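If you're matching positions, the sequence shown starts at 10 in our numbering and goes up one per residue. Have a look at the structure below before the remarks.
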Amino acid sequence: MKNSEINALTESEIVERIAAEQENLTKLRFAHAISPIENPNKIRETRRLVARLKTFLRAKQLAK
C-alpha cells in the first residue's frame, strides 16, 4: 500500500486496516514458527505497513 493510498483513507478506515494487518501479521508469524513460509520478507513488509498506518493515523489525529 502506497503512502498516497493511505493518505486518502479516513481515520476509521485506517483503524480498520491496522486491525486487519495486525491480524495478518500474527497469522504470518504463527505460520512461520510452524514451518518456514515461502517469503519471510512478508513479515517485515506487514510490520512496516502497520507502522506506516499508525504514523498516518497519528498525523491525522494531530491535524484536527
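Glycine residues also receive a C-beta, built at the ideal position from the N, C-alpha and C atoms. The structure presented is a predicted model; accordingly, all values stated were derived computationally and were not measured.
Among the options, which one has its Cα closest to the Cα of residue i?
i, options, result
"I52", "L18, A28, L37 and I43", "L37"
"A72", "L58, R26 and T19", "T19"
"K11", "K69, R67, R57 and A68", "R57"
"E14", "Q70, R61 and L34", "R61"
"I27", "A68, I43, A42 and V59", "V59"
Could you check what DSSP says for residue i in three-state terms: helix, strand or coil?
i, result
"N50", "helix"
"A72", "helix"
"S13", "helix"
"L18", "coil"
If you check the beta carbons only, do residue i and residue j fall under 8 Å apart?
i, j, result
"T64", "E30", "no"
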